[in-house]
Amino acid sequence: QFPLGRRLPCDIYWHGVSFHDNNIFSGQVNKFPGMMETVRKITLSRAMRTMQDLFPLEYNFYPRSWILPEELSLFVDEVRTTKDSNPSWKPTFIVKPDGGCQGDGIYLIKDPSDIRLTGSIQSRPAVVQEYICKPLLMDKLKFDIRLYVLLKSLEPLEIYIAKDGLSRFCTEPYQEPTLKNLHQVFMHLTNYSLNIHSGNFIHSDSVNTGSKRTFSSILCRLSSRGADVKKLWSDIISLVIKTIIALTPELKVYYQSDIPAGKPGPTCFQILGFDILLMKNLKPMLLEVNANPSMRIEHEQELSPGVFENVPSPVDKEVKVAVIRDTLRLVDPQKKRRKDI
Ligand code: ADP
3 QFPLGRRLPC
13 DIYWHGVSFH
23 DNNIFSGQVN
33 KFPGMMETVR
43 KITLSRAMRT
53 MQDLFPLEYN
63 FYPRSWILPE
73 ELSLFVDEVR
83 TTKDSNPSWK
93 PTFIVKPDGG
103 CQGDGIYLIK
113 DPSDIRLTGS
123 IQSRPAVVQE
133 YICKPLLMDK
143 LKFDIRLYVL
153 LKSLEPLEIY
163 IAKDGLSRFC
173 TEPYQEPTLK
183 NLHQVFMHLT
193 NYSLNIHSGN
203 FIHSDSVNTG
213 SKRTFSSILC
223 RLSSRGADVK
233 KLWSDIISLV
243 IKTIIALTPE
253 LKVYYQSDIP
263 AGKPGPTCFQ
273 ILGFDILLMK
283 NLKPMLLEVN
293 ANPSMRIEHE
303 QELSPGVFEN
313 VPSPVDKEVK
323 VAVIRDTLRL
333 VDPQKKRRKD
343 I
């Protein structure tokens, strides 16, 4: 760590939040310029829309989305037209503020007129998206998957996907959305940061029980029920590759502006967090891409009222240590030097 500034050049620079140091002329940085901006909810939705317009079938793993406030009337019109042509369609939508995280400011609606137009939406742009009403459940609970993806290089495009990830569980049994249960965040939102506050949250020392489990433990259970987990993995791999392809044009613009070709500069790599929801029919759907996935391997535990302590989290350790270790192996500068020699 260099709290007072760096003196000697390094092989690998590990930046905390984003690519921010333009005085690096060699080595590798663990962030791409502009990645944070590129994966924000609105920018991601726009990039996915562009690809959905060009390749609708290839990109049907991202829910239909509209950008607020600029596409509010388009949203209202499209929902009305679809309802007119199919009166049995009873959709639910999820509104997510741009730049938000950890479920912050998210709410569900049944009708476009329920969008909260007062105050915040004007000052805070958002994405409104079709809500996936039939997720795959386990133990009657909704869960999502966090997968770690290493973007090792943009040109040529090199992507690695960690073989294990995390599954984060809701803490109230799932019911399809109705006006009565729309507000129940412990039933509809899988965010760890929200569910940790539920009395039903289960911290477990085992990686295949509790409110946070390994994705491999989910695959094991699915496989024992006869599900085709090979096909699921191949669908997930396509989803990841297609998403990164959709983000690449914007990333290249940032890259060329911060690290112009021909000038000495570092190369970049980045660990991304992909949030994926499995539908009941096992189709993976992309929820969002996180440029700064948490690498914490501890969680807070309330020892006595008001007294908290950080304790090790075996499931986080199992997954995240492997992600960092394999990333360092893949970008190993010594290996690169040995290869060059
Ligand atoms: P945040 O960055 O605030 O976590 P997300 O886009 O990840 O925002 O959404 C938060 C949670 O809401 C997700 O983890 C998931 O449980 C739920 N969610 C988000 N989008 C959808 C959707 N289209 N359909 C069903 N559930 C969703």
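Under the working numbering, the first residue of the sequence shown carries the number 3, and numbering increases by one thereafter. Beta carbons: idealized from backbone N, C-alpha and C, even for Gly.
Helix, strand or coil for H17? Go by DSSP, reduced to three states.
coil
Could you check whether T216 and N197 sit closer than 8 Å to each other, using their CB atoms as the reference points?
no
Rounded to whole angstroms, what's the CA-CA distance from P99 to R126? Just pull it up for me.
7 Å
Measure from the alpha carbon of L224 to the alpha carbon of each residue in K282, S208, C270, L249, then state which is nearest.
K282
For A164, three-class secondary structure by DSSP:
coil
Ignore the nearest five residues each way along the sequence and tell me which others in L10's own chain have a CB closer than 7 Å to its CB.
none
Given L332 as reference, the closest of D146, P58, Y162 once Cα atoms are compared:
Y162
Pull up the CB-CB distance for F21 and D260, whole angstroms please, since I reckon it's below 8 Å.
7 Å
Could you tell me whether the Cβ atoms of R118 and G275 are closer together than 8 Å?
no
What first and last residue would you give for the beta strand (DSSP E) that runs through K98?
95-99
Straight-line CA distance for A16 to N32?
Checking the displayed sequence, the identity of residue 16 turns out to be Trp instead of Ala. Answer to the nearest angstrom: the Cα atoms are 5 Å apart.
If contact is defined by three or more beta carbon pairs under 8 Å, each pair taking one atom from either stretch, is the stretch 95-113 in contact with the stretch 236-247?
no
Over the uninterrupted beta strand (DSSP E) stretch that includes L280, give me the two end residues.
272-280
Contacts around N210, its chain only, beta-carbon distance under 6 Å, and the 5 residues preceding and following it disregarded:
S219
Closest residue to P35 among R227, M189, T180, L156 (Cα-Cα distance)
L156
Q104 and N193 look like a contact to me (Cβ under 8 Å); what is the Cβ gap, rounded to whole Å?
5 Å
Quick check: V309 and H301, are their CB atoms within less than 8 Å of each other?
no
Between which two residues does the alpha helix (DSSP H) containing P240 stretch?
Sequence inspection shows Ser at residue 240; the Pro mentioned does not correspond to that position. Its alpha helix (DSSP H) spans residues 231-260.
If you drop the 5 nearest sequence neighbours on each side, which residues of the same chain put their C-beta closer than 6 Å to that of K142?
P175
Select from F271, Y256, R170 the residue whose C-alpha is nearest the C-alpha of L280.
R170
Rounded straight-line distance, which links the Cα of Q54 to that of M37:
21 Å
What is the DSSP secondary structure of K182, reduced to helix, strand or coil?
coil
I want to check one thing, is the minimum distance from the CB of E304 to the heavy atoms of the ligand ADP below 7 Å?
no
At a cut-off of 7 Å, would you count I96 as near the ligand ADP, judging by its Cβ distance to the nearest heavy atom?
yes
Around the C-beta of K322, are 16 or more other C-beta atoms found within 10 angstroms, so that it is buried, or is it exposed?
buried
What's the C-alpha gap between H205 and Q177?
23 Å
Quick one: residues in its chain with C-beta nearer than 7 Å to the C-beta of N294, no 5 flanking neighbours on either side, listed in chain order?
V19
Looking at the secondary structure, which residues open and close the alpha helix (DSSP H) in which Q54 lies?
43-56
Exposed or buried, D277, counting other C-beta atoms within 10 Å across all chains shown (16 or more means buried)?
buried
Output the distance between the C-alpha atoms of I123 and V255, rounded to the nearest integer angstrom.
Residue placement at I123 is poorly supported in this model, since its pLDDT is 46, which falls under 50; the coordinates still yield a value, given next. I123 and V255: Cα-Cα distance of roughly 29 Å.
For L249 and T40, believed in contact at Cβ under 8 Å, the rounded distance
5 Å
In terms of alpha-carbon separation, which member of K144, P262, K182 lies closest to G212?
K144
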